[in-house]
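K.L.:
First, the structure itself, so that you have it in front of you.
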Amino acid sequence: MKKIECIIRPEKLEEVKDALNQLGIKGMTVSQVMGCGLQKGKTEYYRGVEININLLPKIKIELIVKDSEVDRIVDTIIKVARSGRIGDGKIFIYNVEDAVRIRTGEKGESAI
579 MKKIECIIRP
589 EKLEEVKDAL
599 NQLGIKGMTV
609 SQVMGCGLQK
619 GKTEYYRGVE
629 ININLLPKIK
639 IELIVKDSEV
649 DRIVDTIIKV
659 ARSGRIGDGK
669 IFIYNVEDAV
679 RIRTGEKGES
689 AI
């Protein structure tokens with residue numbers, strides 16, 4: 579099993595969710611996060627004063643999937659979330675040793 583963690587632009591969330599739904603992915607965790615990378619923030623003006631904002635709002639999606647589904651899911655996320663501009667995000671893939679469904683006690687891939 580693998581954990582796919584992706585950080586994307588907030589405006590891409592619904593498109594990514596819909597695309598994952600079409601792949602049959604139902605379970606995911608979505609968090610609102612703040613971060614910075616190559617974008618290095620942005621400059622805004624508040625009451626005539628220049629303010630540098632270096633942490634920008636992002637969305638983090640976490641999925642636990644079978645090894646065989648990883649490439650298809652990652653390709654779909656890239657296709658949907660890519661705008662071609664700095665700040666599109668990142669995808670991280672981790673090994674998952676085990677999973678347990680609390681309600682039934684199922685373990686491994688049957689728990690996801």
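Plus 578 on top of the position in the sequence shown (first one is 1) and you've got the working numbering. For each residue, glycine too, the CB sits at the ideal point set by N, CA and C. Given the structure is predicted, the values throughout are model-derived calculations rather than measurements.
1) So I585 and G613 are in contact, right, with Cβ under 8 Å, and what is the actual spacing, rounded?
2) Check the DSSP bridge columns for Q610 and list the partner residues they point to.
3) Can you tell me which of E628, Q610 and V648 puts its alpha carbon nearest to the alpha carbon of K638?
4) Identify, in the order they occur along the chain, each residue of the same chain with its Cβ nearer than 7 Å to the Cβ of K580, setting aside the five sequence neighbours on each side.
5) According to DSSP, which residues form a beta bridge with I664?
P.N.:
So, from the listed chains and residues:
1) 7 Å
2) Residue pairing by DSSP places Q610 opposite I637 in a beta bridge.
3) Q610
4) Once the five neighbours on either side are set aside, the close Cβ partners of K580 are V643, D645, V648, I671, Y672, N673 and V674.
5) None; I664 has no bridge partner.
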